[in-house]
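Contents: one structure, followed by commentary.
Residue numbers (my numbering), protein chains in the order written: chain A, -16 to 419; chain B, -16 to 419.
In structure tokens:
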């Protein structure tokens, strides 16, 4: 099976656990054998368990590459969008990547799947079925529609010609009001899940026809000039040869705290406790500070180095404008080489905790306007400062003046405290070099 | 006026803003001209504004001395209890201190006042009056009783002989149920505020008679052997020559989050915001992480490095057992020389932020089982390590091996990051030395 996992989205609706560099699909929410896993990890594992040989390509933006490598490993196929251009350019680029880099035949079916719904095994069986249909049917596009469980005003609806399991599509309807949604459902309408399958050739042709570029390099190099347009709008809604497959299994959109907590198997993740008078309360705590809740009802408490949200569940869906007002310095991030977390901000200094994975290293870089001091708190490795190498271990201190090139190559897992000192400290003050 | 301010109490009911080394009276809650002030600061300032020459002695335990000096300055009179022995030994020791150290005549009246009620100017006029009464009346003890505003089950009641402003006391009643409280109030009963006045000689005599020791040194040296007993129980309730003065002004006991927030003039202290659907919500945030509250009603959110409490206000009065279960490492403290705050705890290391006041220094000390590294983040001063002095400033690093004596003397206000490294890190691993 060839799968394009769409991993986009900003981090505002699930603040403070998501941020500008960690979208909601990377929040670790679901208990598994190996600790908590994120939506992305869960979906990736579920696909792998069903089909060990699935060719999975993650279509994503540059900002998410580190998080993907951190959570899914270095071997995962990634089609990196040079800039944000909505789903049609993203899917076009990923299809070209599949064809040229992964050498997938243009005759093979491909299924496009958003990374963030909460689903179980049935969903993946349905994906396999969908792929088979796309490979054998005469239709250009095969959609997966979700059997609605209530007349939602949040989703787009697919109106099928008839109510059989597989049907031609009659029309698409945007988010309706409740009464209209009820009328649609009576006609057998389905929620548009954003899942669809096609033969690779179909999208390669569409890209060439509608975007005017042919092939991976051509698309990649001209990506910034492409028009922002969704695949639904550019292709799906204009396609006459289109069918939909009905899916009756579990499918939950975890886009707000309200819906996300519905998908959680545990009431408390992280250091938290609640007294007996709490009802329908969820606590998600990524701080190392304990949370105690008393008498809270229908609420969510979530905490990270970026902020603490205490919200009535229903109210939580209105979070976006408030988060936009909060000064959101990125306070934590997963990187391909490990992770970092801001411990303290002071005028003229920033204290950061850095975790390096065994065998990994951060980029070789310098800063123009700040000095840095590293203190090794655990583990051992090699510091390189202006080409000079030095073995370092717990208790060692490395001083890096402004302008010095520096990196650490971790021999074991390592923890550092980094102290940045300068009148102006900003993330863009970073110049990267090649380490010989 | 001679005042003994009783500053006792543990920090459990107002967790996480109070802890084992910061009792509730040191939480900065009240806006003033010079930023927020604590109950202790407010009370101290209010007394000073009324009577510049008041002799104020704070009776307190060893653990609070640093916080008192930090908040009230170095000049404040403190009678330090060598151990916790309840109010009769504490008041006896403070009276001996007043007589011998402060040279107050045994004929002078003294008023004992708990440090933690929320009061206004009228209360201090009443204290002056109470002192005058104690100095002129034939009664041995003059109590201040609070006119009840509702039939509380939380307070002890004083039953006076009659309902005039000043009356002999008929009896004392422990915390009654509501119906009984209503009956008491009909008789003119008053809440026992814990405020009382007497001539110094009276308590000096009582100490000798009931505790068996005479004079400050004698009491201090034998303090650990004294029986734990309250002044109310040992003296007040057994005294026949006793009167009560009625007080009708503002008096609020701020002992729980529920009552404390009633006394707050502002809804939000620290970095917090709430949306329009919040009602009767208070946010107290001592973290540098923003709090966003949405749709919360009748609740309190309070946060410090020690924990985050999210509680229904009424439920917050049941906090004590839950806090006892939480592993409460002291995560912040005010010291006479400044303050500290734990930034990060890791197996084998602890990262701390230290603030030193200009001209101050921490004790000259060593640790047996840990190395320490200081990084100066702002300011300048002098580090002393094993008698070697060195001027240090922003960006300098001081390495202190286990066993080395060390301190910093701040020339300006200073901020340090301290990294402790060792297999066993514990607060008791500290040996103090005299710095020549």
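All C-beta atoms, glycine included, are put in the ideal place defined by N, C-alpha and C.
Computed from a prediction, not measured in an experiment: that's the story for all the values here.
Residues of the stretch 266 to 284 of chain B with a C-beta less than 7 angstroms from any C-beta of chain A: 271, 272, 273, 274, 275, 276, 277, 278, 279, 284, listed in chain order.
At the C-beta level, residue 141/A and residue 175/A come within 8 angstroms of one another.
Contact between residue 183/A and residue 72/A is absent: CB atoms are separated by about 16 angstroms, not below the 8 angstroms threshold. For residue 293/B, the closest Cβ of chain A is nearer than 8 angstroms. Among the residues of the stretch 323 to 348 of chain B, those with a Cβ less than 8 angstroms away from any Cβ of chain A are 326, 327, 328, 329, 330, 331, 332, 334, 336, in the order of the chain.
Residue contact check for residue 377/A against chain B: a CB pair falls below 8 angstroms. Apart from sequence neighbours up to five positions away, the residues of its chain that approach residue 24/A with a beta-carbon distance below 6 angstroms are 54, ordered along the chain.
Contact between the stretch 381 to 390 of chain A and the stretch 329 to 338 of chain A is absent: fewer than three C-beta pairs spanning the two stretches fall below 8 angstroms. The alpha carbon of residue 122/A has as its nearest neighbour, out of 273/A, 244/A, 92/A, 108/A, the alpha carbon of 92/A. When 7 angstroms is used as the limit between beta carbons, residue 152/A is near no residue of chain B, the shortest such separation being about 39 angstroms. Residue 257/B places its beta carbon less than 8 angstroms from that of residue 266/B. Judged by their CB atoms, residue 37/B and residue 9/B are not nearer to each other than the 8 angstroms cut-off. Segment contact: the stretch 281 to 291 of chain B against the stretch 272 to 287 of chain A, three or more CB-CB distances shorter than 8 angstroms; contact assigned. The C-alpha of residue 40/A is placed about 29 angstroms away from the C-alpha of residue 245/A. Restricting attention to 356/A, 0/A, 13/A, the CA atom closest to the CA of residue 399/B is found in 356/A. Look at residue 201/A here: in three-state DSSP terms it is helix. Annotation: residue -3/A to residue -12/B spans about 49 angstroms, alpha carbon to alpha carbon. For residue 88/B, no Cβ of chain A is located within less than 8 angstroms of the residue's own Cβ. Within the stretch 358 to 388 of chain A, contact with chain B at the beta-carbon level (separation under 8 angstroms) is assigned to 358, 360, 361, 377, 378, 380, 382.
Restricted to the stretch 276 to 347 of chain B, the beta strand (DSSP E) segments that are unbroken, complete and at least 3 residues in length are 280 to 287, 290 to 295, 315 to 318, 321 to 329, 332 to 339, listed in chain order. Under the DSSP assignment, residue 71/B falls in the alpha helix (DSSP H) whose first and last residues are 70 to 83. Contact of residue 313/A with chain B by beta-carbon distance below 8 angstroms is absent, the smallest such distance being about 13 angstroms.
Under the 10 Å beta carbon count, residue 417/A is surrounded by fewer than 16 other beta carbons and is classified as exposed.
A distance below 7 angstroms between beta-carbons, with the five flanking residues on each side excluded, links residue 235/B to the following residues of its chain, in chain order: 100, 101, 242, 245, 246. Assigned with DSSP and collapsed to three states, residue 153/A falls in strand.
Less than 8 angstroms divides the Cβ of residue 85/A from the Cβ of residue 60/A. Selection 83/B, 64/B, 108/B evaluated against residue 31/B yields 108/B as nearest (Cα-Cα).
Counted as a single uninterrupted DSSP element, the stretch harbouring residue 242/A is not any beta strand (DSSP E) but the alpha helix (DSSP H) occupying residues 240 to 245. If you look at residue 410/A, you'll find it isn't in any beta strand (DSSP E); DSSP assigns it neither H nor E.
Under the three-state reduction of DSSP, residue 259/B is assigned to coil, being neither helix nor strand.
Bounds of any beta strand (DSSP E) do not take in residue 232/A, whose DSSP letter is neither H nor E. Residues are counted here when their Cβ sits less than 9 angstroms from a Cβ of chain A; for the stretch 398 to 410 of chain B these are 398, 400, 402, 404, given in chain order. In the three-state DSSP reduction, residue 30/A falls in the helix class (H, G or I). About 5 angstroms separates the beta carbons of residue 367/A and residue 390/A, which is inside the 8 angstroms limit, making them a contact pair. Taking 8 angstroms as the cut-off between beta carbons, the residues of the stretch 232 to 259 of chain B near chain A are 256, 258, in sequence order. Interface annotation, residue 299/B: in contact with chain A, CB-CB separation under 8 angstroms.
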